[in-house]
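*Asks:* Structure in structure tokens, see below.
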Amino acid sequence: MKTKQKGINKLEGPVTDVPIELPERRAYVKCPGCRRIIDLEQLEASHDVCPRCGHHMRLGARKRLEATVDAGSFEEWDAELEATDILAFPGYIEKLERAQRSTGDKDAVLCGRATIGGEPCAIFIMDGDFMMGSMGSVVGEKICRTFERAAELRLPVVGITVSGGARMQEGTTSLMQMAKVSGARARFAKTGLPYLVLLTDPTTGGVTASFAMEGDIILAEPGALIGFAGPRVVEQTTHKRLPAGFQRSEFLLEHGFLDLIVERENVPATLSELLALHAGRIPAADAPHVLPERHEPHTLLKKAGRKRRRSGNEAPSAYDIVQAARSVEHPTALELIELGFDGFIELHGDRYFSDDPAIVGGIAWVGDQVFTVIGTERGRSTKERVARNFGSAHPEGYRKAQRLMKEAERFGRPVLCLIDTAGAYCGIGAEERGQGEAIASNLVVMSELETPIVSIVVGEGGSGGALALAVADRVLMLDNAAYSVVSPEGCASILWKTTDRAADAAEALALTAPRLAELGIVDGTITSSGTHRELAERIIDRVTHELAELASLKPDALVEARQAKFRAM
Numbered sequence: 001m002k003t004k005q006k007g008i009n010k011l012e013g014p015v016t017d018v019p020i021e022l023p024e025r026r027a028y029v030k031c032p033g034c035r036r037i038i039d040l041e042q043l044e045a046s047h048d049v050c051p052r053c054g055h056h057m058r059l060g061a062r063k064r065l066e067a068t069v070d071a072g073s074f075e076e077w078d079a080e081l082e083a084t085d086i087l088a089f090p091g092y093i094e095k096l097e098r099a100q101r102s103t104g105d106k107d108a109v110l111c112g113r114a115t116i117g118g119e120p121c122a123i124f125i126m127d128g129d130f131m132m133g134s135m136g137s138v139v140g141e142k143i144c145r146t147f148e149r150a151a152e153l154r155l156p157v158v159g160i161t162v163s164g165g166a167r168m169q170e171g172t173t174s175l176m177q178m179a180k181v182s183g184a185r186a187r188f189a190k191t192g193l194p195y196l197v198l199l200t201d202p203t204t205g206g207v208t209a210s211f212a213m214e215g216d217i218i219l220a221e222p223g224a225l226i227g228f229a230g231p232r233v234v235e236q237t238t239h240k241r242l243p244a245g246f247q248r249s250e251f252l253l254e255h256g257f258l259d260l261i262v263e264r265e266n267v268p269a270t271l272s273e274l275l276a277l278h279a280g281r282i283p284a285a286d287a288p289h290v291l292p293e294r295h296e297p298h299t300l301l302k303k304a305g306r307k308r309r310r311s312g313n314e315a316p317s318a319y320d321i322v323q324a325a326r327s328v329e330h331p332t333a334l335e336l337i338e339l340g341f342d343g344f345i346e347l348h349g350d351r352y353f354s355d356d357p358a359i360v361g362g363i364a365w366v367g368d369q370v371f372t373v374i375g376t377e378r379g380r381s382t383k384e385r386v387a388r389n390f391g392s393a394h395p396e397g398y399r400k401a402q403r404l405m406k407e408a409e410r411f412g413r414p415v416l417c418l419i420d421t422a423g424a425y426c427g428i429g430a431e432e433r434g435q436g437e438a439i440a441s442n443l444v445v446m447s448e449l450e451t452p453i454v455s456i457v458v459g460e461g462g463s464g465g466a467l468a469l470a471v472a473d474r475v476l477m478l479d480n481a482a483y484s485v486v487s488p489e490g491c492a493s494i495l496w497k498t499t500d501r502a503a504d505a506a507e508a509l510a511l512t513a514p515r516l517a518e519l520g521i522v523d524g525t526i527t528s529s530g531t532h533r534e535l536a537e538r539i540i541d542r543v544t545h546e547l548a549e550l551a552s553l554k555p556d557a558l559v560e561a562r563q564a565k566f567r568a569m
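Going by the UniProt record's numbering, the residue at position 68 of the sequence shown is 68; the numbering climbs one at a time, nothing skipped.
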């Protein structure tokens, strides 16, 4: 029999005889992205990323540290440094005290040493929970000391930024931290150690305009607000409504200012992988950028071969070879990278204007060798070919290549260039942004680059657009590739006023591998028979052989021999 007492149903007898099950009390939060309610436990299980819309929530420095470094590996530096109210700014002391009580830290950055995926590094993590990560003198001082101590200990630096900018309550002193930290970063760069930075939401103002954008590699989380002036300031200044996605990570990647956007769950593995590669070590086999196994054993389609059978000639004509090089069945640079290397991290952007998809580049590895690989990419499908401008690069593509080559030089990696382009893009925008200057700068940089370079014409090598990636210690060609000062059609049109004589022009231009080897323009050929995988492996074997021969040369001798090679032409 049940009785009711104080609104609760109870059984007669001692209350200890029957346990009372109370409903579980759960906490919920509202996602600022999709505005839906999310169970807090579910949110924490997904690394504070909304399971519905993928919005990356903001993390405090301590929580970010826990999510990034190996457990128990962190040793904090300079925890005792504390800001002072040097300007007697109204209310500043009270704000500092509130921030210190809520975070448990003295200021808006956490610094120290740790390991990430077993890779040692110095690390600083800014704290958006401490006065919105604003940069005052203590933040600047702690980050400077991190760079300086890392140089002494021979450790790479990882920085994770979140900030509203300079701390107004410290006046111009806070402004000076931009120059102070940038100077420390510049001194650190001379050590030959890498600085990797991850930009999180938001990274704005003086932090963006200094150390946040000074990394050797710049990563960002999806959807992070990144910019110098905040969106509200931009709208007030321009009196225009901003487009969707303005100043978000994806916007910066498209405009050439980021190397990579990384999902939060992949941040530790990506940082670990990049730290290993910059130290010349091969990442773990389960790293996120290890390339998947591909199963495309189809044989290269040789239009030239079909024409040979029809005509009865023993060898394809020069124009047959040009047409074969342009074939959609010809392997692209990315396909050769995927089939030939064990792993590849594509890096993006020229740091000035855009990320040109006609030129791809990044860090690749095979066996125990780490490379910087750069290639002109035509694309595979029609849609992709249009998106990649059929492999005809804009100035920003060549500037991206130049940036990656200089990065390779700093960290002692050889450079491999895979060339397949009809030529540099001819257009109004390309000329406005300095197509000629971009190509000229590449020629100078490659002439003086103090690391080995191997360039291979794997398809069509068109004019200055191809040469911009072909000033190398070893220049090789596939036996079904073409390399010319002008296209056969262009030559025929200019000299004979008709493209009908393109085949005659191709023969006269001596654009095939055997003819160019006779002229001393190229150093050898690679057989293109077999499957794409077999070709990719053959390329890697040849490149490895060439690099072994170049390995004995010191940087000065390498540059002198390269310049002498082209001087003799």
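Where a beta carbon is used, it is the ideal one built from N, C-alpha and C, also for glycine.
Confirm, please, whether the CB-CB distance from Pro268 to Thr68 is below 8 Å.
*Replies:* Translated into positions along the sequence shown, residue 68 becomes position 68. Translated into positions along the sequence shown, residue 268 becomes position 268. Going by C-beta atoms, Thr68 is nearer than 8 Å to Pro268.
*Asks:* Need the endpoints of the beta strand (DSSP E) that Thr200 sits in, please.
*Replies:* Locating residue 200 in the sequence shown gives position 200, counting from the first residue. Run containing Thr200: Tyr195 to Thr204, per the beta strand (DSSP E) assignment.
*Asks:* Just to confirm, is the Cβ distance from Gln177 to Met135 under 8 Å?
*Replies:* To locate residue 177, count along the sequence shown from 1; it is residue 177. To locate residue 135, count along the sequence shown from 1; it is residue 135. Against a cut-off of 8 Å, the Cβ pair of Met135 and Gln177 comes out as a contact.
*Asks:* Would you mind reading off the limits of the beta strand (DSSP E) that contains Thr115?
*Replies:* To locate residue 115, count along the sequence shown from 1; it is residue 115. It spans Val109 to Ile116 - the beta strand (DSSP E) in which Thr115 sits, taken as one unbroken run.
*Asks:* Return the residue from the list Leu155, Ala318 and Ala45 that minimises the CA-CA distance to Ala279.
*Replies:* Within the sequence shown, numbered from 1, the residue matching residue 279 stands at position 279. Per the Cα distances, Leu155.
*Asks:* Looking only at its own chain, which residues have a Cβ that is under 8 Å from the Cβ of Ala215, when we skip the five neighbours before and after it?
*Replies:* Here residue 215 is taken as the residue at index 215 of the sequence shown, counted from 1. Contrary to the premise, residue 215 reads as Gly rather than Ala in this sequence. Correct list, in chain order: Gly159, Tyr195, Leu196 and Val197.
*Asks:* How far does the beta strand (DSSP E) with Phe371 in it reach, from first residue to last?
*Replies:* Locating residue 371 in the sequence shown gives position 371, counting from the first residue. Residues Gln369 to Thr376.
*Asks:* Given Leu40, which residues of its chain have a CB within under 8 Å of its CB, disregarding the five upstream and five downstream residues?
*Replies:* To locate residue 40, count along the sequence shown from 1; it is residue 40. Counting only Cβ-Cβ distances below 8 Å, and skipping sequence neighbours, we find Arg26, Ala27, Tyr28 and Val29.
*Asks:* For Glu141, which residues from the same chain have a beta carbon less than 7 Å from its beta carbon, with the 5 sequence-adjacent residues on both sides left out?
*Replies:* Mapped onto the sequence shown, residue 141 falls at position 141. The residues are Leu81.
*Asks:* Between which two residues does the alpha helix (DSSP H) containing residue 583 stretch?
*Replies:* The requested residue 583 is not part of the displayed model; the chain covers only 1 to 569.
*Asks:* If we count the other Cβ atoms within 10 Å of its Cβ and call it buried at 16 or more, is Trp77 buried or exposed?
*Replies:* One-based indexing of the sequence shown puts residue 77 at position 77. Per the 10 Å Cβ criterion, buried.
*Asks:* Buried or exposed, going by whether 16 or more other CB atoms sit within 10 Å of the CB of Phe211?
*Replies:* Locating residue 211 in the sequence shown gives position 211, counting from the first residue. By the neighbour-count rule (16 or more Cβ atoms within 10 Å), Phe211 is buried.
*Asks:* Residue range of the alpha helix (DSSP H) that Thr237 falls in?
*Replies:* Residue 237 sits at position 237 when you count from the first residue of the sequence shown. That run of the alpha helix (DSSP H) goes Pro231 to Thr238.
*Asks:* Which residues in the same chain have their Cβ closer than 7 Å to the Cβ of Gly227, if we skip the five residues on either side of it in sequence?
*Replies:* Taking the first residue of the sequence shown as position 1, residue 227 is located at position 227. Taken in chain order, the residues that qualify are Thr204, Thr208 and Gln247.
*Asks:* Taking just the CA atoms, how far does Glu94 sit from Arg101?
*Replies:* Here residue 101 is taken as the residue at index 101 of the sequence shown, counted from 1. Here residue 94 is taken as the residue at index 94 of the sequence shown, counted from 1. If you take the alpha carbons of Arg101 and Glu94, they lie about 11 Å apart.
*Asks:* My output table needs one value for Gly464: the three-state DSSP class, helix, strand or coil.
*Replies:* Here residue 464 is taken as the residue at index 464 of the sequence shown, counted from 1. The answer is helix: DSSP assigns Gly464 an H, G or I state.
*Asks:* Between Ala557 and Ile453, what straight-line distance do the alpha-carbon atoms span, to the nearest angstrom?
*Replies:* For the purposes of this step, residue 557 is taken as the residue at position 557 of the sequence shown. For the purposes of this step, residue 453 is taken as the residue at position 453 of the sequence shown. Approximately 13 Å between the Cα atoms of the pair.
*Asks:* Compare the Cα-Cα distances from Asp355 to each of Phe344, Asp259 and Val373 and report the closest residue.
*Replies:* One-based indexing of the sequence shown puts residue 355 at position 355. Taking only the C-alpha atoms, the option nearest Asp355 is Asp259.
*Asks:* Of the choices Ala220, Glu152 and Leu443, whose alpha-carbon is the least far from that of Ala189?
*Replies:* Numbered from its first residue, the sequence shown carries residue 189 at position 189. Measuring from the Cα of Ala189, the nearest candidate turns out to be Glu152.
*Asks:* What are the residues that DSSP puts in a beta bridge with Met126?
*Replies:* Residue mapping note: residue 126 aligns to position 126 of the sequence shown, counting from 1. Val109.
*Asks:* Between which two residues does the beta strand (DSSP E) holding Asp473 run?
*Replies:* Locating residue 473 in the sequence shown gives position 473, where the first residue counts as 1. Looking at the DSSP string, Asp473 is not in any beta strand (DSSP E), and its letter there is neither H nor E.
*Asks:* Could you tell me whether the Cβ atoms of Ala506 and Val322 are closer together than 8 Å?
*Replies:* Sequence index remark: in the sequence shown, residue 506 carries index 506 (1-based). Sequence index remark: in the sequence shown, residue 322 carries index 322 (1-based). Cβ distance < 8 Å, so Ala506 and Val322 count as in contact.
*Asks:* Note down the Cα distance separating Gly165 from Thr270, rounded to an integer number of angstroms.
*Replies:* The residue you call residue 165 lines up with position 165 of the sequence shown. The residue you call residue 270 lines up with position 270 of the sequence shown. Going by the C-alpha atoms only, they are around 27 Å apart.
*Asks:* Across which residues does DSSP place residue 586 in a beta bridge pair?
*Replies:* This structure cannot speak to residue 586, because the chain is shown only from 1 to 569.
*Asks:* Using 8 Å for Cβ pairs, my map puts Phe344 next to Gly367. What's the rounded Cβ distance?
*Replies:* Stepping through the sequence shown from its first residue, residue 344 is reached at position 344. Stepping through the sequence shown from its first residue, residue 367 is reached at position 367. Contact flag wrong, Cβ pair sits at about 14 Å.
*Asks:* Count the other CB atoms within 10 Å of the CB of Asn9; is the residue buried (16 or more) or exposed (fewer)?
*Replies:* To locate residue 9, count along the sequence shown from 1; it is residue 9. Caution applies to Asn9, whose pLDDT of 39 falls short of 50 and renders its modelled position unreliable; the value that the coordinates give is listed next. Under this definition Asn9 is an exposed residue.
*Asks:* Please identify the residue among Gly461, Asp500 and Phe566 whose C-alpha is closest to the C-alpha of Ala510.
*Replies:* Stepping through the sequence shown from its first residue, residue 510 is reached at position 510. Residue Gly461 is the option with its Cα nearest to Ala510.
*Asks:* Return helix, strand or coil for Leu225, following the three-state DSSP convention.
*Replies:* To locate residue 225, count along the sequence shown from 1; it is residue 225. Strand, per DSSP.
*Asks:* Look at Asp127 and Thr161 and say whether their C-beta atoms are less than 8 Å apart.
*Replies:* Here residue 127 refers to the residue found at position 127 when the sequence shown is read from its first residue. Here residue 161 refers to the residue found at position 161 when the sequence shown is read from its first residue. Taking 8 Å as the Cβ cut-off, Asp127 and Thr161 do not qualify as a contacting pair.
*Asks:* Could you check whether Phe147 and Arg98 sit closer than 8 Å to each other, using their CB atoms as the reference points?
*Replies:* Your numbering for residue 98 matches position 98 in the sequence shown. Your numbering for residue 147 matches position 147 in the sequence shown. In this structure, Phe147 does not lie closer than 8 Å to Arg98 by Cβ.
*Asks:* If you run the structure through DSSP and keep just helix, strand and coil, what is Phe251?
*Replies:* Mapped onto the sequence shown, residue 251 falls at position 251. Residue state, collapsed to three classes: helix.
*Asks:* How big is the Cα-Cα spacing for Ser182 and Glu329?
*Replies:* One-based indexing of the sequence shown puts residue 182 at position 182. One-based indexing of the sequence shown puts residue 329 at position 329. Rounded to the nearest angstrom, the two C-alpha atoms are 49 Å apart.
*Asks:* Less than 8 Å between the CB atoms is what I'm expecting for Tyr425 and Ala468, so what's the real figure, rounded?
*Replies:* Here residue 425 is taken as the residue at index 425 of the sequence shown, counted from 1. Here residue 468 is taken as the residue at index 468 of the sequence shown, counted from 1. At roughly 12 Å, the Cβ-Cβ gap does not stay under 8 Å, so Tyr425 and Ala468 are not in contact.
*Asks:* What's the gap between the Cα of Gln369 and the Cα of Ala548?
*Replies:* Translated into positions along the sequence shown, residue 369 becomes position 369. Translated into positions along the sequence shown, residue 548 becomes position 548. When rounded, the distance between both Cα atoms is 11 Å.
*Asks:* Excluding the 5 residues flanking Asp342 on each side, which residues of the same chain have their C-beta closer than 6 Å to its C-beta?
*Replies:* Your numbering for residue 342 matches position 342 in the sequence shown. Answer for Asp342: Trp365 and Val366, listed in chain order.
*Asks:* Can Leu242 and Val234 be called in contact, C-beta distance under 8 Å?
*Replies:* Here residue 242 refers to the residue found at position 242 when the sequence shown is read from its first residue. Here residue 234 refers to the residue found at position 234 when the sequence shown is read from its first residue. Cβ distance < 8 Å, so Leu242 and Val234 count as in contact.
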